[in-house]
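Heads up, the thing below is written out as structure tokens.
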Amino acid sequence: MKKFISIFLSSLFLFSFVNVSLAEDLEIREFNPAIPEHAKILEQEKKLYDDYVDGVEDEEVLHENYEMLLNMNNISKEEYTYEDFKLNSGPPVPDPYIKKLNTSNPGKSLRSSTSPPQWEDRWDGKFVGGDILITNGTSSYGFLGHAAIYVGDNGFHHGKDYVLDIPGPGKPVRLTSFSSWKNQYMNKKGDYVSIYRPDFKKGYYNERAGYNANSLYSPVDGTYKNVKYGITLDPLNKEKIYCTLIIYQAYFYSTYGGFTSNFLLANDSEIILPYFLPTYFNYGKEISLVYKVIVG
């Protein structure tokens, strides 16, 4: 566990992706818990997360990485406390835990034996505007996480479908086809891309979020198309942005400033990590993992 925390936190938001080719003996496959190899991966993810929930943490390593994060991003201890840091740090929340989160704390999950919906019933092969993409393929260890949002066409891009993201320090916001984006982050065994879809009863919240992300940050004609990458504790900051903040803002404005019980508001001492993004949708109760592909 100490090794995990050290790797995960020391690389937090400091990584810039370098694209490499997929090895010839590997292929990208649909993730399916019915496949024994994939079921084993899911169990490993659950064990790692259970250890985190149980407080299996190395305080010395946490403090070291907390100080590193503050120093690298010019954030004071008053702005971002050590307790906030501990709350917002951790491994991916594994499915089927997504819909079984502690309603008193979006950063911690209750373990559950409840089975997820049948995998084949989740995905019809079509994206919906506002779909959220999360990958672990952003470092040699896969503990950092990166996120993008599907913006589709929205009448902006001449019929082409795109995902929008900001890949890291020194990089601008970009529009990429899903195929190209997926291939950039899936280069070694165990790399995956998960697609989450908020379960709003009013589906236009999703489509509107895709529209908002595009109109705010599209590098073609977005209002803030020249925004710089940077870590900020202001969830509505538009002078600097990081990957999950684009998605948070897209849904914040889609739900009319969060005026719906299905969407939680971030506080002003919070860094929204990719792996914890699903917890902002009513503590994970109003979002589904609809599709996942994995290298193996």
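Quick note on our numbering: the sequence shown kicks off at -13 and runs consecutively. Every residue gets a Cβ at the ideal spot worked out from N, C-alpha and C, and that includes glycine.
Cβ neighbour criterion (16 or more within 10 Å) applied to residue i
i: Val79; result: buried
i: Trp105; result: Annotation note: pLDDT 46 at Trp105 (below 50); position unreliable, coordinate value reported separately. Buried, by the Cβ-count rule.
i: Asp81; result: buried
i: Val4; result: Legend: pLDDT at Val4 = 38, less than 50; position of this residue unreliable, no value from coordinates given.
i: Ala283; result: The structure shown does not extend to residue 283, since the chain is modelled only from -13 to 282, so the question has no answer here.
i: Lys131; result: Looking at the sequence itself, residue 131 is Gly, so the reference to Lys does not match. So Gly131 counts as buried.
i: Ser165; result: exposed
i: Thr124; result: buried
i: Phe129; result: At Phe129 the pLDDT is 42, less than 50, meaning the model places this residue with poor confidence; the figure from the coordinates comes in the next sentence. Buried, by the Cβ-count rule.
i: Gly156; result: exposed
i: Lys168; result: buried
i: Ala133; result: buried
i: Asp207; result: exposed
i: Tyr277; result: buried
i: Asn60; result: exposed
i: Asn57; result: exposed
i: Pro77; result: buried
i: Asn51; result: buried
Beta-carbon spacing of residue i, residue j below 8 Å
i: Ile118; j: Ile135; result: yes
i: Pro205; j: Arg160; result: yes
i: Tyr336; j: Pro184; result: No answer is possible for residue 336: it lies beyond the span of the chain, which begins at -13 and ends at 282.
i: Leu55; j: Lys175; result: no
i: Leu251; j: Asn268; result: no
i: Pro260; j: Ile273; result: no
i: Tyr345; j: Ser163; result: Given that the chain is displayed from residue -13 to residue 282, the structure contains no residue 345 and the question cannot be resolved.
i: Gly216; j: Lys226; result: yes
i: Glu193; j: Gly116; result: yes
i: Asn198; j: Tyr171; result: no
i: Leu219; j: Tyr210; result: no
i: Glu256; j: Asp70; result: yes
i: Gly282; j: Glu23; result: yes
Beta-carbon separation (whole angstroms), residue i vs residue j, contact threshold 8 Å
i: Ile213; j: Thr121; result: Before going on, a small fix: residue 213 reads as Val here, not Ile. With a Cβ gap of about 22 Å, Val213 and Thr121 do not count as contacting.
i: Tyr237; j: Ala195; result: 5 Å
i: Tyr27; j: Val279; result: The question names Tyr, yet the displayed sequence has Ile at residue 27. Not quite, the Cβ-Cβ distance comes to about 13 Å (not below 8 Å), so this is no contact.
i: Lys63; j: Leu48; result: At roughly 14 Å, the Cβ-Cβ gap does not stay under 8 Å, so Lys63 and Leu48 are not in contact.
i: Asn200; j: Leu150; result: 6 Å
i: Gly154; j: Phe113; result: Contact doesn't hold; Cβ gap of about 24 Å is too wide.
Residue-level contact to chain C via CB, residue i, 8 Å cutoff
i: Glu225; result: In the displayed structure, chain C is absent; only one protein chain is listed.
Practice item. Taking 8 Å as the threshold, find out whether the segment 30 to 38 comes into contact with the segment 230 to 241 through three or more Cβ pairs. Key: no
**Study point:** Continuous beta strand (DSSP E) assignments of at least 3 residues falling wholly in the segment 171 to 239
**Key:** 178 to 184
Practice item. Run through the segment 145 to 169 for me and flag every whole beta strand (DSSP E) of 3 or more residues, listed as ranges in chain order. Key: 148 to 151 and 160 to 162
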